[in-house]
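Written out below as structure tokens is the structure these notes cover.
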Amino acid sequence: MVDFGGWDMPLQYGSQLAEHHAVRRAAGVFDVSHMGIVDLNGTRVRALLQLLLANDVGKLTVAGEALYGCMLNESGGVIDDLIVYFLAEGSFRIVINAATRASDIAWIRRQAQLFGVEVLERADLAMLAIQGPSARAATATLLSDGGAHAALDLQPFCACQIDSWFVARTGYTGEDGFELMLPVADATRVWRGLGSRGVAPCGLGARDTLRLEAGMNLYGNDMDEDTHPFESGLAWTVSMQPAARRFIGREALEAIQAAGSRRKLVGLLLESPGVLRRHQTVIAPQVGEGYITSGGYAPTLERSIAFARLPAAAGNAVQVNIRGKLLDARVVKRPFVRFGKSLVH
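Quick note: the sequence shown uses this note's numbering, first residue 6, plus one each step.
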């Protein structure tokens with residue numbers, strides 16, 4: 006057990022490697038109840054979210070649709086990344102990170118006062134992430150026939166309410182699966198029910214190696230309030246259209262976009278034995294230096310990978326300073342792995 010954002014969290018239940026492979030090959034379950042679930046209600050909630058998020062909730066038109074995006078400060082720095090779910094007109098749900106939970110809610114409440122929107126933290130809900138090729142089928146066995154059909158019919162990045170459970174086809178592993186938001190009283194029973202169906206319990210260690218292979222950012226490592234989306238591999242989450250939408254941080258991003266971002270976030274593949282770790286220096290020949298934001302051993306690839314923030318002009322061949330030795334690494338497109346298959350060569 007380790008401290009994570011003020012929560013006691015399991016690093017692993019047994020073999021971290023076995024947990025990682027269970028998710029890639031079958032199914033694993035993570036207790037992610039440390040994440041913050043917040044419901045936003047009010048006639049002007051959509052306008053509030055259009056101000057708060059760099060991505061545009063105007064894209065959400067059908068109940069259950071979800072959107073990934075970032076909340077920014079006035080300088081374009083990332084306050085947090087989150088998923089927002091459209092429940093009904095006047096009602097949205099967001100899921101925020103544990104480490105930024107208190108500051109996020111305080112920030113949202115300050116903005117919400119201007120819109121008359123209720124901000125309700127759902128401490129009554131637990132959250133379980135079931136991920137892997139057989140995750141959806143295993144989860145469906147816990148539901149009634151009608152509920153199972155509704156869950157299995159969900160499209161990626163969509164959700165639905167099934168009795169007291171909110172079932173979302175989302176995740177943080179690069180595999181298919183569900184994230185369940187359910188009453189706290191149900192969590193232990195569901196956890197044990199999944200275990201009896203062969204779903205492996207998984208901890209933070211496997212969660213990190215899985216998201217690293219899947220090319221998914223971790224807040225506090227790969228972006229924070231001092232970095233903007235364009236240098237964090239998150240340009241795709243910024244909606245500059247429609248031009249009339251004045252979200253917080255827009256002016257700063259417009260200036261950065263016009264001048265060109267000085268840095269970029271890339272994937273790295275180590276070309277020789279060694280382990281890439283956060284904070285290691287990366288040298289881009291004839292351009293300058295950068296640093297690793299997240300790194301480690303990739304069990305699916307059986308080699309070391311990383312994300313690195315480099316000068317924008319950096320090419321595909323770089324070197325990483327590992328304990329005083331410069332080892333060759335190659336810049337590759339993220340993700341490294343998707344649906345259990347290697348995407349790098």
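Beta carbons: idealized from backbone N, C-alpha and C, even for Gly.
Please confirm whether residue i and residue j have their CB atoms less than 8 Å apart.
i	j	result
Leu130	Ile42	yes
Leu270	Thr298	yes
Glu123	Asn46	yes
Glu218	Val342	yes
Thr242	Arg216	no
Asp227	Phe312	yes
Thr305	Arg29	yes
Gly198	Ala134	no
Cys207	Ala27	yes
Ile261	Gly121	no
Pro340	Leu209	no
Gly345	Ala211	no
Gly137	Gly182	yes
Leu281	Ser244	no
Ser277	Leu332	yes
Val89	Leu58	yes
Met353	Met132	Since the displayed the chain opens at 6 and closes at 350, residue 353 lies outside it and no answer follows.
Arg283	Gly295	no
Ala71	Cys163	yes
Relative to the alpha-carbon of residue i, which residue among the options has its alpha-carbon at the smallest distance?
i	options	result
Glu79	Gly254, Gly279, Ala23	Gly254
Asp86	Leu133, Ala117, Val50, Ala240	Ala240
Ala248	Leu56, Val336, Leu16, Val28	Leu56
Val172	Ala59, Ala156, Thr178, Leu209	Ala156
Thr66	Asp158, Phe97, Ile84, Gly11	Phe97
Gly152	Asp168, Asp213, Ala104	Asp168
Asp44	Ala31, Asp109, Tyr18	Asp109
Glu94	Phe120, Gly82, Val50	Val50
Arg174	Leu187, Leu159, Pro188, Met186	Leu159
Gly220	Met186, Leu348, Phe91	Leu348
Ala143	Leu223, Gln324, Ala264, Gly200	Gly200
Ile84	Ala164, Ile101, Gly19, Ala205	Ile101
If you reduce the DSSP assignment to three classes, tell me which class residue i lands in.
i	result
Phe91	strand
Val37	coil
Pro316	strand
Leu159	coil
Ala31	coil
Gln17	coil
Asp44	strand
Leu215	helix
Gln9	Looking at the sequence shown, residue 9 is not Gln but Phe. It is a strand residue.
Arg255	helix
Ala270	Reading the sequence as shown, one finds Leu at residue 270 and not Ala. Three-state result, Leu270: strand.
Ala153	helix
Ala263	helix
Ala134	strand
Thr144	helix
Leu275	strand
Ala289	strand
Val359	Residue 359 lies beyond the range of the chain shown here (6 to 350); nothing can be said about it.
Val62	helix
Would you say the beta carbon of residue i is closer than 7 Å to some non-hydrogen atom of the ligand PLP?
i	result
His154	Here there are no bound small molecules, and the ligand PLP is not part of this structure.
In chain order, what are the residue ranges of uninterrupted beta strand (DSSP E) at least 3 long that sit wholly in the region 183-213? 205-207, all fully within the region 183-213.
Count Cβ pairs between the region 33-52 and the region 192-200 that sit closer than 8 Å; are there 3 or more? yes
Report the start-end ranges of each beta strand (DSSP E) in the region 292-344 that is 3 residues or longer and not cut off at the edges. 293-303, 308-316, 322-327, 330-337
Which runs of the alpha helix (DSSP H) fall wholly inside the region 71-126 and span at least 4 residues, in chain order? 106-117
Per the contact definition of three or more C-beta pairs closer than 8 Å, is the region 312-324 in contact with the region 274-292? When Cβ pairs closer than 8 Å are counted between the two stretches, the region 274-292 is seen to touch the region 312-324, the count reaching three or more.
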